[in-house]
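Here's the structure we're looking at; comments come further down.
Number of protein chains: 4
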Amino acid sequence: MPITAEQQAEIDELRANAKPTLRAVAEGMENHLYKAHDVLDHGFIRVIDYMGDDAAICQAARVSYGKGTKSVQNDEGLIRYLMRHWHSTPFEMCEIKLHVKLPVFVARQWIRHRTANVNEYSARYSILDREFYIPEPDKLAAQSVINNQGRGEALTGEEAARVLEYLKGDAARCYDHYAEMIDQEGQQGLARELARMNLPANIYTQWYWKVDLHNLFHFLRLRADAHAQYEIRVYADAICNVVADWVPAAYSAFEDYRMGGANLSGKAIDCVRRVLKGEKVTQETSGMSKGEWREFESILNG
Amino acid sequence: MPITAEQQAEIDELRANAKPTLRAVAEGMENHLYKAHDVLDHGFIRVIDYMGDDAAICQAARVSYGKGTKSVQNDEGLIRYLMRHWHSTPFEMCEIKLHVKLPVFVARQWIRHRTANVNEYSARYSILDREFYIPEPDKLAAQSVINNQGRGEALTGEEAARVLEYLKGDAARCYDHYAEMIDQEGQQGLARELARMNLPANIYTQWYWKVDLHNLFHFLRLRADAHAQYEIRVYADAICNVVADWVPAAYSAFEDYRMGGANLSGKAIDCVRRVLKGEKVTQETSGMSKGEWREFESILNG
Amino acid sequence: MPITAEQQAEIDELRANAKPTLRAVAEGMENHLYKAHDVLDHGFIRVIDYMGDDAAICQAARVSYGKGTKSVQNDEGLIRYLMRHWHSTPFEMCEIKLHVKLPVFVARQWIRHRTANVNEYSARYSILDREFYIPEPDKLAAQSVINNQGRGEALTGEEAARVLEYLKGDAARCYDHYAEMIDQEGQQGLARELARMNLPANIYTQWYWKVDLHNLFHFLRLRADAHAQYEIRVYADAICNVVADWVPAAYSAFEDYRMGGANLSGKAIDCVRRVLKGEKVTQETSGMSKGEWREFESILNG
Amino acid sequence: MPITAEQQAEIDELRANAKPTLRAVAEGMENHLYKAHDVLDHGFIRVIDYMGDDAAICQAARVSYGKGTKSVQNDEGLIRYLMRHWHSTPFEMCEIKLHVKLPVFVARQWIRHRTANVNEYSARYSILDREFYIPEPDKLAAQSVINNQGRGEALTGEEAARVLEYLKGDAARCYDHYAEMIDQEGQQGLARELARMNLPANIYTQWYWKVDLHNLFHFLRLRADAHAQYEIRVYADAICNVVADWVPAAYSAFEDYRMGGANLSGKAIDCVRRVLKGEKVTQETSGMSKGEWREFESILNG
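Protein chains in written order, with our numbering: chain X, 23 to 324; chain E, 23 to 324; chain W, 23 to 324; chain Z, 23 to 324.
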């Protein structure tokens with residue numbers, strides 16, 4: 023149960039009090055405000071605030087391009103044009119602020135996206151809750167045998183059972199000792215900033231994360247991708263759902279050009295041209311390495 | 023008249039349509055939305071959008087410091103604490119979007135603040151308006167005789183008259199030729215991206231500028247400072263007025279710690295201590311250079 | 023003549039004094055150090071310093087991916103892999119510092135690339151030289167009739183002559199008045215920070231510009247592109263030549279994947295697949311807009 | 023023993039091969055190149071590369087301020103002037119690249135400094151070593167009783183012994199299970215990207231970290247400060263020693279204005295002025311809160 027009764031009461035109160043504003047309002051986003059979308063076993067994402075909508079993207083673009091944008095007949099077409107030609111600044115004119123609860127090992131990947139603002143719960147000041155990510159059985163994946171970075175099939179039987187036992191047992195014991203070390207009853211109590219080092223990376227942390235739409239799309243392209251680690255991808259997927267309601271036209275263009283698109287090298291484009299002219303092209307005659315050719319074939323074959 | 027009738031009609035329409043939102047609303051800021059605040063002879067700033075308020079700063083800080091912040095009794099005290107100890111991330115949780123019309127030579131200084139989002143009117147696509155900054159007579163300052171970077175007294179008499187004549191005449195002639203060169207009646211017309219190079223740096227441009235509150239404060243500290251060039255300072259001053267209505271507690275802390283504060287070196291603090299102990303300290307015994315001592319004295323004497 | 027005799031003497035002296043270092047040395051880059059590569063009529067680029075080489079990119083990647091990179095047999099293959107999969111951080115481990123002299127209207131485009139460090143010559147402090155960019159006759163292009171942003175054929179005859187006369191005459195007159203206004207003989211002299219506003223955007227400025235290789239590639243992709251304005255493209259081209267000597271493997275991968283590559287949307291990839299299966303696809307059946315289809319065809323047809 | 027025999031052999035080889043370069047060479051830094059400076063029980067910092075020196079800072083400043091800088095007689099005076107007046111861009115012209123080995127909980131603080139380039143060892147791809155930070159007995163501090171964030175005296179006796187036993191025992195057990203879970207002998211082996219979640223935050227990681235001098239000074243000001251957590255402060259201290267040899271003039275100015283300096287609020291300056299005029303000022307008459315007054319007194323009393 024990721025949201026406490028106290029938090030739910032706070033959410034209910036916040037959602038009960040609409041106020042008038044003269045700012046751009048995205049109807050689809052108002053429905054999401056403050057509500058927690060569950061992710062993993064104890065995590066969530068919640069929209070805390072947002073700025074702008076599809077129209078705000080176009081408004082900013084029209085400042086830049088002036089009458090030059092008049093030829094594009096509507097906002098949706100303009101947004102597709104901007105996305106296609108990598109005009110990133112109009113998308114930067116929208117901003118979103120999320121409250122995210124997530125395991126530490128996911129947070130460590132996430133924070134590598136530098137162009138964002140973050141306030142994380144500090145275990146120097148405060149005591150962490152006893153909540154750890156324990157994968158569902160079907161997510162307890164083996165190491166991939168073909169890819170150093172990937173996952174294979176789910177573990178089964180005794181091996182799966184042993185792994186779960188270790189993960190649960192070690193987390194419980196580490197947390198018990200953490201709690202015991204910082205306890206100040208009848209002893210001095212270890213400094214929190216030191217005691218936290220005993221906690222494993224599947225413990226949950228939380229933060230406020232604020233980012234503009236351009237940089238959010240960059241994050242989503244990498245983290246909602248099929249090659250991203252499952253445990254961060256589910257957060258990216260949850261955010262995608264929210265963004266689709268917030269800026270439907272921009273999200274649709276993002277899906278077509280970024281998520282569904284592909285970047286072909288000069289060599290790859292040359293191969294496509296040769297094939298279209300009827301030539302038979304193989305990896306050997308393509309100029310590409312084996313790995314590159316494999317990726318190229320998977321794009322052409324879908 | 024910096025705002026056209028068409029623009030005023032648009033502003034009036036935008037201001038007539040309040041919509042309900044569940045987001046944080048800063049009452050003081052709603053009054054500013056879309057309205058143009060005149061700056062210089064043809065410039066303005068207008069608030070297009072904002073995110074957050076004083077409470078949002080505290081909310082983000084409390085995520086970070088948890089119960090550690092309970093000891094600070096109220097939001098104002100917490101905000102002062104954050105400002106005093108350079109905790110910048112909670113201030114980054116607020117965001118503002120401005121529409122600014124400004125001379126190009128001011129824009130060139132402004133853009134050096136890199137942590138912001140900008141969409142500028144493009145003279146590659148579109149035609150610039152015939153509007154130039156011409157200083158008021160009392161702002162037509164002489165070069166400072168003591169400071170390479172500063173200004174002295176206002177020019178007077180014939181010299182002032184000649185300067186104004188040059189500024190006005192050259193701007194008019196350059197613009198006439200610009201318009202003639204791009205004209206496509208009876209000739210091909212020079213490309214706009216080339217023709218713009220004939221325009222002097224006092225021509226007005228405009229942009230949407232979006233920035234978080236922490237970086238805005240950094241901008242204001244440098245540009246609302248007495249040593250900043252007058253022509254950018256008036257923009258910073260106009261923004262200060264808006265920010266004071268938006269986040270009154272944060273702005274008040276900013277005024278006390280940043281605008282009204284001073285950074286003393288280790289040597290300077292040592293001198294203060296010696297003076298407080300009754301010692302007579304001079305530049306020669308201070309360990310400071312002459313320039314540094316002069317600045318130090320001006321801080322102590324106010 | 024973009025380099026003065028004084029500057030050339032300084033360059034010669036700097037190039038005469040090699041010192042031993044334990045750092046990575048890129049032989050191809052040492053040849054470029056300090057030398058000015060002429061660009062436009064008075065501009066140049068000069069390499070002032072650099073950090074890293076192709077090996078440094080691989081070294082950083084191997085820290086990240088550990089033994090996972092052993093399967094890639096050589097540095098060139100690893101660099102191509104990194105570029106193909108958008109692993110940007112290893113490229114950020116190389117850095118270059120350039121001295122650039124360029125017209126102000128080019129500088130205004132350039133500075134929009136925010137992730138870089140800049141020290142520009144300040145016309146608040148110092149007096150600008152009397153040097154303006156005047157296009158060669160074959161670069162005096164007409165406004166494009168099909169593209170708001172582009173250029174058409176070069177102007178000819180009387181129109182070309184008149185444009186050149188305007189550009190030269192206005193620059194000369196504006197500079198004469200600038201010099202007269204700041205002159206302190208027999209008058210107070212206008213403050214430099216004000217007088218500079220009389221100068222047109224084809225006057226030359228200069229700066230030190232420092233950027234990491236990842237962000238430099240992003241700059242080059244946009245500015246060495248055929249759609250970039252000619253006057254900034256020539257700077258990008260000059261930098262490309264330098265980078266090819268500095269990090270040959272990385273530059274080669276950049277050429278193939280970025281400059282020579284193309285980004286296809288999901289719709290475009292779907293069309294390629296359909297064509298490869300023998301289907302006849304037209305704009306009408308493609309799901310693309312006319313503009314998008316035109317761009318797609320030009321990729322396929324080369 | 024933080025450096026392996028293999029690593030030492032690599033360092034020796036790199037240090038044996040000086041090559042000629044035309045770039046700026048900082049003699050004091052060449053001595054540090056590649057050598058590991060031990061930090062904590064298994065950590066280190068090593069300089070991998072650097073760009074620029076004190077002269078490079080002045081060179082960049084002189085591009086900006088032109089003849090305006092001639093009045094400052096020497097590089098050291100100019101650097102002090104730049105530091106005093108927050109001219110940050112010349113310091114950005116120097117760059118350093120470090121190899122750092124550090125516990126994960128330190129890495130999590132460190133990474134919050136966003137304006138830097140990082141390549142971290144990836145536990146998705148590769149297996150982490152069995153190395154954990156275990157504090158020395160005198161660093162096993164109790165929670166501060168006056169400050170939520172701070173440390174008190176070192177624990178002693180049975181409490182200290184129990185804490186060490188927990189930290190060592192939990193780390194060992196978690197690592198054993200990590201190793202067992204990923205093992206592929208006679209079982210599939212859990213994916214590395216999952217298994218890493220069982221490791222506590224005192225395990226060591228490593229990265230390449232590249233940053234410009236301005237942002238490094240900002241990092242050092244916060245992390246070499248007496249209020250920073252001891253475990254990151256020792257890294258900052260080690261870096262300070264290196265920087266002092268690299269750019270002695272800039273480091274000296276940094277020490278005086280940043281590390282040894284203090285930022286006084288407008289209220290605090292007003293109090294200093296009143297005291298200097300002979301007035302008796304107390305917290306009650308100062309306009310400051312109790313906390314603020316306490317900090318103010320500690321500045322004045324040293």
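Each residue gets a CB set at the ideal place from its N, CA and C atoms; glycine is no exception.
Every value quoted in this text rests on a predicted model; they were computed, and no experiment measured them.
With residue i and residue j assumed to form a contact (beta carbons below 8 Å), what rounded beta-carbon distance in angstroms separates them?
| i | j | result |
| --- | --- | --- |
| Lys-232 (chain X) | Met-115 (chain E) | 6 Å |
| Ile-101 (chain E) | Ala-272 (chain E) | 5 Å |
| Ile-70 (chain X) | Lys-119 (chain X) | 5 Å |
| Glu-117 (chain W) | Gly-74 (chain W) | 7 Å |
| Tyr-87 (chain X) | Tyr-147 (chain E) | 5 Å |
| Tyr-143 (chain Z) | Gln-251 (chain Z) | That belief does not hold up - the Cβ atoms of Tyr-143 (chain Z) and Gln-251 (chain Z) are roughly 22 Å apart, past 8 Å. |
Nearest by alpha-carbon distance to residue i: which of the options is it?
| i | options | result |
| --- | --- | --- |
| Glu-37 (chain W) | W:Gly-211, W:Arg-68, W:Ser-148 | Checking the sequence, you will find Arg at residue 37 (chain W) rather than Glu. Nearest of W:Gly-211, W:Arg-68, W:Ser-148 to Arg-37 (chain W), Cα basis: W:Arg-68. |
| Trp-132 (chain X) | X:Ala-217, X:Glu-317, X:Arg-255 | X:Arg-255 |
| Val-264 (chain Z) | Z:Ile-33, Z:Asp-60, Z:Asp-34 | Z:Asp-60 |
| Arg-184 (chain E) | W:Glu-181, W:Ala-164, W:Gln-209, W:Asp-160 | W:Gln-209 |
| Lys-289 (chain W) | X:Ala-27, X:Glu-28, X:Ser-287, X:Gly-282 | X:Gly-282 |
| Leu-322 (chain X) | X:Glu-306, X:Asn-285, X:Phe-66 | X:Asn-285 |
| Glu-306 (chain W) | W:Leu-298, W:Gly-300, W:Arg-316, W:Lys-299 | W:Arg-316 |
| Glu-32 (chain E) | E:Ile-156, E:Ile-149, E:Leu-55 | E:Leu-55 |
| Pro-112 (chain E) | X:Thr-43, X:Ser-320, X:Asn-139 | X:Asn-139 |
| Glu-126 (chain Z) | Z:Gly-324, Z:Ser-320, Z:Asn-224 | The amino acid at residue 126 (chain Z) is misidentified as Glu; the sequence shows Val. Answer by Cα proximity: Z:Asn-224. |
For residue i, which residues does DSSP report across the bridge?
| i | result |
| --- | --- |
| Pro-125 (chain X) | X:Tyr-226 |
| Glu-142 (chain W) | W:Trp-229 |
| Tyr-72 (chain X) | X:Ile-118 |
| His-59 (chain X) | X:Ile-67 |
| Lys-41 (chain Z) | W:Thr-43 |
| Leu-212 (chain E) | W:Ala-164 |
| Ala-250 (chain X) | According to DSSP, which records beta bridges pairwise, Ala-250 (chain X) is partnered with nothing at all. |
| Ala-176 (chain W) | W:Ala-163 |
| Asp-234 (chain Z) | Z:Glu-117 |
| Phe-154 (chain W) | W:Ile-225 |
Leaving aside the five residues before and after residue i along the sequence, list all residues of the same chain whose C-beta is less than 7 Å from its C-beta, in chain order.
| i | result |
| --- | --- |
| Cys-8 (chain Z) | A question about residue 8 (chain Z) goes unanswered here, because the residues of chain Z that appear run from 23 up to 324. |
| Ser-110 (chain E) | His-236 |
| Tyr-279 (chain W) | Met-105, Arg-106 |
| Asp-97 (chain E) | Asp-76, Ala-77, Cys-80, Ala-271 |
What does a CB cutoff of less than 6 Å around residue i pick up in its chain, not counting 5 residues either side in sequence?
| i | result |
| --- | --- |
| Ile-25 (chain W) | Ala-58 |
| Cys-293 (chain X) | Val-303, Ser-308 |
| Tyr-257 (chain E) | Val-61 |
| His-153 (chain W) | The sequence shown places Glu at residue 153 (chain W), rather than the His named in the question. Cβ within range, chain order: His-64, Tyr-226. |
| Glu-180 (chain E) | none |
| Tyr-200 (chain E) | Ala-217, Asn-220, Leu-221 |
| His-135 (chain W) | Phe-241 |
If I measure Cβ to Cβ from residue i and keep anything under 8 Å in the same chain, skipping five residues before and after, which residues do I get?
| i | result |
| --- | --- |
| Glu-277 (chain W) | none |
| Val-167 (chain Z) | Gly-174 |
| Pro-159 (chain W) | Ala-176, Ala-182, Leu-186 |
| Gly-90 (chain W) | Below a pLDDT of 50, predicted positions are generally treated as unreliable, and Gly-90 (chain W), at 49, falls in that range; no measurement from the model is reported. |
| Gln-29 (chain X) | Ala-58 |
Counting only runs that start and end within the stretch 282–323 of chain E, where is the alpha helix (DSSP H) found for 4 or more residues in a row? 288–298, 305–308, 312–323
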